[in-house]
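Each residue of the sequence shown is one higher than the one before, counting from 196 in my numbering.
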Amino acid sequence: MRGFKHKLLAVMQHAVIVNQGEVLLLRYSKYQGKGVEGLWGLPGGHYISGLPVEDLLREVKEETGLTLPGRPRLLKTYVVLFPDGVERFGVFYLYQDDSPVRPGIVLSGEHTEFMWVSRGKTEGIAFIGPYHKKVVEDVLANKNLD
């Protein structure tokens with residue numbers, strides 16, 4: 196099933212990576228296309244292989260250089276109309292990194308910078324969409340953590 200991409204509905208997956216109580220955000224480059232350059236979002240990408248978690252982990256590795264051990268936890272889903280006019284179904288996964296050391300981030304050409312954001316510090320950040328901001332704020336407020 197390699198190379199599969201749904202023709203009727205685009206499916207996006209995002210990893211909410213938490214380390215030391217902060218969430219990793221990535222700033223989109225021109226590579227992502229018109230309308231999203233300079234906006235902030237979460238690591239992730241299209242679901243294409245028929246293996247959702249493997250696709251997500253591959254995207255995280257490509258975009259950040261991180262190899263996430265274990266499996267992320269399903270967090271939330273959403274449907275949104277993107278600036279390109281295509282409706283997308285999105286899935287957020289939570290990955291809690293309990294390491295006392297910040298992981299080293301190596302960005303791909305898809306992003307220009309990264310930051311770790313803490314609770315109460317999301318105002319003024321231009322997110323790619325309201326769902327990204329909401330899920331980040333909920334995770335930082337421990338609304339979605341067991």
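Ideal Cβ positions, reconstructed from N, Cα and C, are used throughout, including at glycine.
- One thing to note: Tyr290 has its Cβ within 8 Å of the Cβ of Leu263.
- The C-beta distance from Val218 to Val331 rounds to 5 Å, short enough to meet the 8 Å contact threshold.
- Residue state for Tyr226 is assigned as helix, using DSSP reduced to three classes.
- Setting aside the 5 residues that flank it on each side, Met207 is surrounded in the same chain by Gly239, Gly240, His241, Tyr242, Arg283, Phe284, Gly285, Val286, each with a C-beta closer than 8 Å to its C-beta; the list follows chain order.
- Nearest to Val301 by C-alpha distance, out of Ser224, Glu258, Pro247, is Glu258.
- Its Cα nearest to that of Lys271, the residue Tyr288 stands out among Gly216, Tyr288, Val312.
- Approximately 12 Å separates the beta-carbon atoms of Arg266 and Val255; this is outside 8 Å, ruling out the contact.
- Distance from the Cα of Gly233 is smallest, within the candidate group Val281, His306, Tyr273, for His306.
- The beta carbon of Tyr226 sits closer than 7 Å to the beta carbons of Gly304, Glu305 from its chain, once the five residues preceding and following it are set aside; these are given in chain order.
- Excluding sequence positions up to five before and after Tyr326, its CB lies within less than 7 Å of the CB of Tyr273, Val275, Gly285, all in the same chain and listed in chain order.
- Here Gln215 has Pro295, Arg297, Trp311 as same chain residues with Cβ atoms under 8 Å from its own Cβ, once five neighbours each way along the sequence are excluded.
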